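Trainee:
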Amino acid sequence: MNFKFLLILAGILVFGLGNAWNTYAAPPSSGCALLTPAQIQKVLEQPFDAPKDDPLIPPFGDKWGSHCTYTTQRGGDHPMVVDFFVYVTASAAEAKQWFDMGTAVSKAKSKPAIGDSAYTDPADGTVHVLKGKVLYWIAIDPGNEKREKDLAESVAAGI
Numbered sequence: 029m030n031f032k033f034l035l036i037l038a039g040i041l042v043f044g045l046g047n048a049w050n051t052y053a054a055p056p057s058s059g060c061a062l063l064t065p066a067q068i069q070k071v072l073e074q075p076f077d078a079p080k081d082d083p084l085i086p087p088f089g090d091k092w093g094s095h096c097t098y099t100t101q102r103g104g105d106h107p108m109v110v111d112f113f114v115y116v117t118a119s120a121a122e123a124k125q126w127f128d129m130g131t132a133v134s135k136a137k138s139k140p141a142i143g144d145s146a147y148t149d150p151a152d153g154t155v156h157v158l159k160g161k162v163l164y165w166i167a168i169d170p171g172n173e174k175r176e177k178d179l180a181e182s183v184a185a186g187i
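In this note's numbering, the protein residues as written are 29 to 187.
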């Protein structure tokens with residue numbers, strides 16, 4: 029992950045820690061179900077393993093997120109990795125508020141037509157999407173902005 033992404037995530041975590049301390053219970057069910065290995069295989073044209081699911085601390089309020097890491101089944105020396113970060117918030121208004129904060133911090137210029145709103149982070153090419161009360165972003169290593177957009181569209185179509 030790049031430095032700017034980590035800086036944005038750290039800022040969100042700092043602001044959310046006050047609320048998070050009171051809600052440090054087990055996270056709810058995974059958001060990884062929103063992006064399946066079959067969807068990834070269709071877009072990237074190779075099979076992927078089931079995701080490794082790590083919880084994301086609630087940045088504001090009490091909604092946990094999921095960091096889902098998918099790896100190609102044909103690992104080799106440099107396997108392809110898809111990172112999918114997702115939060116399902118309490119309401120569309122809350123999701124939009126979080127999304128707007130991320131948009132402001134990233135100074136996004138590219139705004140693809142995905143979900144209700146989307147932007148591509150100019151620092152790393154990751155695609156960030158708002159769809160209803162769901163916020164998510166996708167990063168592929170090695171990077172491929174077009175395929176990230178294709179995956180983001182696939183997720184939005186299923187929400």
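Virtual Cβ for every residue (Gly too), placed ideally from N, Cα, C. As the structure is a prediction and not an experimental result, all values here were calculated from the model.
Just curious, the alpha helix (DSSP H) that Gly130 is in, first and last residue?
Mentor: Ala120 to Ser134 is the extent of the alpha helix (DSSP H) around Gly130.
Trainee: Between Gly130, Lys161 and Gly160, which has its C-alpha nearest Tyr147's C-alpha?
Mentor: Cα-wise, what sits closest to Tyr147 is Gly130.
Trainee: Once the 5 residues before and after Glu173 are set aside, which same chain residues still bring their CB inside 8 Å of it?
Mentor: So the qualifying residues of the chain are Thr148, Gly153 and Val155.
Trainee: Please state the DSSP three-state secondary structure of Ala166.
Mentor: In the sequence on display, residue 166 carries Ile and not Ala. The answer is strand: DSSP assigns Ile166 an E or B state.
Trainee: Rounding to the nearest angstrom, what Cα-Cα distance links Gln222 and Val183 in this structure?
Mentor: Only positions 29 to 187 of the chain appear in the structure, and residue 222 is not among them; the question remains open.
Trainee: Counting pairs of Cβ atoms below 8 Å between the segment 156 to 166 and the segment 128 to 145, do you hit three or more?
Mentor: Cβ pair count under 8 Å is three or more, so yes.
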